[in-house]
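Q: Pasting in a structure now, in structure tokens, and then I'll have a few things to ask.
Number of protein chains: 2
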Amino acid sequence: MAMPDREILSLESFLPYRLNRLADAVSRSFSDIYRQRHGLTRPEWRTLATLGQYGTMTATEVGAHSSMHKTKVSRAVAALERRRWLKRRADGQDRRVEHLELTPAGQRVYEELVPLAKTFEADLLGKLDMRKREAVLKGLAALEEAVLTK
Amino acid sequence: MAMPDREILSLESFLPYRLNRLADAVSRSFSDIYRQRHGLTRPEWRTLATLGQYGTMTATEVGAHSSMHKTKVSRAVAALERRRWLKRRADGQDRRVEHLELTPAGQRVYEELVPLAKTFEADLLGKLDMRKREAVLKGLAALEEAVLTK
DNA sequence: TTTCAATGGTTACAGATGAAACCAGTTTGG
DNA sequence: CCAAACTGGTTTCATCTGTAACCATTGAAA
Numbered sequence: 218m219a220m221p222d223r224e225i226l227s228l229e230s231f232l233p234y235r236l237n238r239l240a241d242a243v244s245r246s247f248s249d250i251y252r253q254r255h256g257l258t259r260p261e262w263r264t265l266a267t268l269g270q271y272g273t274m275t276a277t278e279v280g281a282h283s284s285m286h287k288t289k290v291s292r293a294v295a296a297l298e299r300r301r302w303l304k305r306r307a308d309g310q311d312r313r314v315e316h317l318e319l320t321p322a323g324q325r326v327y328e329e330l331v332p333l334a335k336t337f338e339a340d341l342l343g344k345l346d347m348r349k350r351e352a353v354l355k356g357l358a359a360l361e362e363a364v365l366t367k
Numbered sequence: 218m219a220m221p222d223r224e225i226l227s228l229e230s231f232l233p234y235r236l237n238r239l240a241d242a243v244s245r246s247f248s249d250i251y252r253q254r255h256g257l258t259r260p261e262w263r264t265l266a267t268l269g270q271y272g273t274m275t276a277t278e279v280g281a282h283s284s285m286h287k288t289k290v291s292r293a294v295a296a297l298e299r300r301r302w303l304k305r306r307a308d309g310q311d312r313r314v315e316h317l318e319l320t321p322a323g324q325r326v327y328e329e330l331v332p333l334a335k336t337f338e339a340d341l342l343g344k345l346d347m348r349k350r351e352a353v354l355k356g357l358a359a360l361e362e363a364v365l366t367k
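Residue numbers (the working numbering), protein chains in the order written: chain A, 218 to 367; chain B, 218 to 367.
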């Protein structure tokens, strides 16, 4: 059985490359929204979004939940705090822990961004017919299960 | 018609976030392979992979093809050149242009990595049943069409 | 208790990144 | 011809990133 004398890889159809390129393009165009609007970075947006969704959380929880490295979270929290969009509350039991939550000003920013995010996503999925949309959601879920939970 | 008084966004089901997290995880685990094995960075791997696939190309073409910023390509090319895995040839007509190609040593590295890449992808897709795999491929293709070509 | 490992969070450092300025060299339009 | 606009590619600079070291606190073990 002969080996092919020069195996090549088609980068355009290689899964890691495709995922990256897609994530990059989508992320970039969505980030224009919160960046231009409020000068938020991506880690800041994620932190804001996580706290907006869950209310109060510790930095560690925010990181776990939004898949961010703890130094990213730390810096994002500091930045949001400087703008007074977030405040920290000490924990009664454990003085290492800080409970984070959005201030009313932070809430307002969050509430302004949520509909924009939803519209962005709807526009994107709106370009696909029903079958394709289902494939996207099913495919993502399948990959998440295979890749992330283990 | 009443507005909901506080709209929230579920980050875990938000498309840009999901794509990013997935791309990040997949990319990170694949990059372990070429990083540990040959100390390549991601832009270097992509450049190598593009030249391995297409033979000779200019830096601009590599960038267009692998979706990389031109400064990334420039630096990756310089790094690969330092290791003598790539060489530049001047263009006869246009002295701004450089034609890039892998040296035999670069070819060898590429040929060692290709099967690893294929195995990596096969392992990943192998965790999915046929239906899911089809959904992944169809979903990716649909998103690519909606997002990238326009 | 005292000690030692673990945990929440920040910081220092070294690399990687993109925007914009840059330097050839090339084309276009007067 | 010559100037201006453009193009391929590199470099500078300011910012962002992850690793690892760090500080403070807590919990468990002895």
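No residue lacks a Cβ here, since even glycine has one placed at the ideal position from N, Cα and C.
Count Cβ pairs between the segment 331 to 338 of chain A and the segment 247 to 256 of chain A that sit closer than 8 Å; are there 3 or more?
A: The segment 331 to 338 of chain A is in contact with the segment 247 to 256 of chain A.
Q: Short check: CB of alanine 363 of chain A to CB of alanine 352 of chain B, under 8 Å?
A: By 1-based counting over the first sequence, the position of residue 363 of chain A is 146. By 1-based counting over the second sequence, the position of residue 352 of chain B is 135. Contact flag unset, no.
Q: Is it the case that the Cβ atoms of glycine 256 of chain B and tyrosine 327 of chain B are separated by a distance below 8 Å?
A: As a working note, residue 256 of chain B is residue 39 in the second sequence. As a working note, residue 327 of chain B is residue 110 in the second sequence. Taking 8 Å as the Cβ cut-off, glycine 256 of chain B and tyrosine 327 of chain B do not qualify as a contacting pair.
Q: So for lysine 335 of chain A, helix, strand or coil by DSSP?
A: Locating residue 335 of chain A in the first sequence gives position 118, where the first residue counts as 1. Helix.
Q: Please determine, among B:Ala266, B:Ala276 and B:Arg238, the residue with the shortest C-alpha to C-alpha distance to alanine 225 of chain A.
A: For the purposes of this step, residue 225 of chain A is taken as residue 8 along the first sequence, with counting starting at 1. The question names alanine, yet the displayed sequence has isoleucine at residue 225 of chain A. Nearest of B:Ala266, B:Ala276 and B:Arg238 to isoleucine 225 of chain A, Cα basis: B:Ala266.
Q: For serine 227 of chain B, is the classification buried or exposed, using 16 other Cβ atoms within 10 angstroms of its Cβ as the cut-off for buried?
A: Translated into positions along the second sequence, residue 227 of chain B becomes position 10. Classification for serine 227 of chain B: exposed.
Q: Please determine, among A:Arg252, A:Arg300, A:Arg301 and A:Glu278, the residue with the shortest C-alpha to C-alpha distance to valine 290 of chain A.
A: Translated into positions along the first sequence, residue 290 of chain A becomes position 73. The shortest C-alpha separation from valine 290 of chain A is found at A:Glu278.
Q: Glutamate 318 of chain B to arginine 312 of chain B, Cα distance in whole Å?
A: Residue mapping note: residue 318 of chain B aligns to position 101 of the second sequence, counting from 1. Residue mapping note: residue 312 of chain B aligns to position 95 of the second sequence, counting from 1. In a straight line, the C-alpha of glutamate 318 of chain B is about 17 Å away from that of arginine 312 of chain B.
Q: Identify every run of the alpha helix (DSSP H) within the segment 283 to 361 of chain A, keeping only runs that are complete inside it and at least 4 residues long; order them along the chain.
A: Within the segment 283 to 361 of chain A, the complete alpha helix (DSSP H) runs of at least 4 residues are 287 to 299 and 321 to 343.
Q: Listing by chain order, which chain B residues have their CB less than 7 Å from the CB of alanine 266 of chain A?
A: Counting from 1 along the first sequence, the entry for residue 266 of chain A is found at position 49. Leu226 and Leu228, listed in chain order.
Q: Does the beta carbon of proline 233 of chain A come closer than 8 Å to any beta carbon on chain B?
A: Locating residue 233 of chain A in the first sequence gives position 16, counting from the first residue. So yes, proline 233 of chain A belongs to the interface.
Q: Is lysine 344 of chain B close to chain A? Criterion is C-beta to C-beta, closer than 8 Å.
A: Working through the second sequence from its first residue, we reach residue 344 of chain B at position 127. It does: the Cβ of lysine 344 of chain B has a partner Cβ on chain A nearer than 8 Å.
Q: Interface residues of chain B around valine 331 of chain A at Cβ under 8 Å?
A: As a working note, residue 331 of chain A is residue 114 in the first sequence. Correct list: Glu224, Ile225 and Leu226.
Q: When the Cα atoms are used, what is the spatial distance from aspartate 241 of chain B to tyrosine 251 of chain A?
A: Along the second sequence, read from residue 1 onward, the residue named residue 241 of chain B stands at position 24. Along the first sequence, read from residue 1 onward, the residue named residue 251 of chain A stands at position 34. Cα-Cα distance, rounded: 21 Å.
Q: Looking at valine 243 of chain A and leucine 232 of chain B, is the spacing between their C-beta atoms short of 8 Å?
A: By one-based count along the second sequence, residue 232 of chain B stands at place 15. By one-based count along the first sequence, residue 243 of chain A stands at place 26. Going by C-beta atoms, leucine 232 of chain B is nearer than 8 Å to valine 243 of chain A.
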